[in-house]
Amino acid sequence: MENTLKVLRAVKGLTQEQLAEELEVTRQTIHAVESGKYNPSLELAFKLARYFDTTIEDIFRYEDG
Amino acid sequence: MFYVMSMDKETYNRIRAAVAALIAIIMAVSVLRNTWALAMGGVLLGMAVLYTAKKRVDEVLYDERTKIIREKAANATLGLVTVMLAVVGIGLIETSYWGYTANRELGYMMAFLANIILGVNAFFNWYYDNRLGG
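From first to last, the protein sequence lines are chains A and B. Using the working numbering, the letters of the first sequence map in sequence onto residues 14 to 78. Using the working numbering, the letters of the second sequence map in sequence onto residues 40 to 173.
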């Protein structure tokens with residue numbers, strides 16, 4: 014699953030630490046999501062979408078197979 | 040009054056490693072001196088220090104990803120330890136029939152322990168399956 018989290022974060026001028034603090038997760042989790050190694054829970058996906066004032070589909074792109 | 044300022048995750052990890060090393064040393068000394076009270080005291084003191092330190096960390100230590108990591112590590116440990124106990128246990132029972140009779144008791148104990156672990160795991164699988172709407 015690809016995502017645009019890194020771009021959205023860069024637009025807001027946030028570091029991984031700052032975003033992690035805002036969403037109450039570890040910095041490693043933000044890094045893992047950005048690098049596509051970890052797919053977040055639905056709850057974290059909603060939190061991200063709300064934080065960046067967008068939709069989950071705009072952040073994450075699911076591809077079959 | 041005992042007061043510790045807030046700390047970051049790295050400091051907490053250093054304290055955790057130091058406490059683990061200290062507990063290991065205390066355990067080793069208590070085994071050598073055959074004093075269970077020292078071991079108990081060391082473990083309790085370590086737990087108290089870790090609890091206090093954890094309360095002072097101002098960063099997030101655990102989240103959904105660390106939870107998944109723990110679950111995966113626990114599953115891998117369960118699989119590995121259970122298989123090892125069963126295989127080594129059966130091996131020891133087998134060797135007891137070749138003349139190493141002292142191995143039989145330990146072999147049965149390990150094999151039974153493997154069964155108990157599997158039984159407890161099956162019970163919790165059933166319990167959480169029901170609890171999570173299965």
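For every residue, glycine included, the Cβ atom is placed at its ideal position computed from N, Cα and C.
Could you pull out every residue in the same chain whose Cβ sits closer than 6 Å to the Cβ of residue i, ignoring the five residues on either side in sequence?
| i | result |
| --- | --- |
| Ser45 of chain B | Arg95, Asp97 |
| Leu131 of chain B | Asn142, Leu145, Gly146 |
| Phe73 of chain A | Met14, Asn16 |
| Met40 of chain B | Any reading at Met40 of chain B must be qualified, since the residue scores a pLDDT of 41, below 50, and its modelled position is unreliable; the value itself is stated next. For Met40 of chain B, where only same-chain residues beyond five positions count, there are no Cβ hits under 6 Å. |
How would you call residue i, buried or exposed, if buried means at least 16 neighbouring beta carbons within 10 angstroms?
| i | result |
| --- | --- |
| Ile54 of chain B | buried |
| Leu61 of chain A | buried |
| Gly138 of chain B | exposed |
| Tyr51 of chain A | buried |
Just confirm the distance between the C-beta atoms of residue i and residue j, as a whole number of angstroms; I'd bet it's less than 8 Å.
| i | j | result |
| --- | --- | --- |
| Val99 of chain B | Ala33 of chain A | 7 Å |
| Leu117 of chain B | Met149 of chain B | Not a contact, Cβ separation roughly 15 Å. |
| Phe65 of chain A | Leu21 of chain A | 5 Å |
Give me, in chain order, the residues of the same chain whose beta-carbon lies closer than 7 Å to that of residue i; leave out the 5 immediate sequence neighbours on both sides.
| i | result |
| --- | --- |
| Lys48 of chain B | Val96, Glu98, Leu100 |
| Ser135 of chain B | Asn142, Arg143, Gly146 |
Look up residue i in the DSSP assignment and give the residues it is bridged to.
| i | result |
| --- | --- |
| Met46 of chain B | B:Val96 |
Which same chain residues end up closer than 8 Å to residue i when comparing Cβ atoms and leaving out the 5 residues on each side of it in sequence?
| i | result |
| --- | --- |
| Ala59 of chain B | Gly85 |
According to a CB-to-CB cut-off of less than 7 Å, which residues of the region 80-103 of chain B neighbour chain A? Val99, Asp102, Glu103
What residues in the region 42-58 of chain A have a beta carbon less than 9 Å from any beta carbon of chain B? Thr42, Ala45, Val46, Tyr51, Pro53, Ser54, Glu56, Leu57
The region 23-34 of chain A: positions lying closer than 8 Å to chain B by Cβ: Ala33, Glu34
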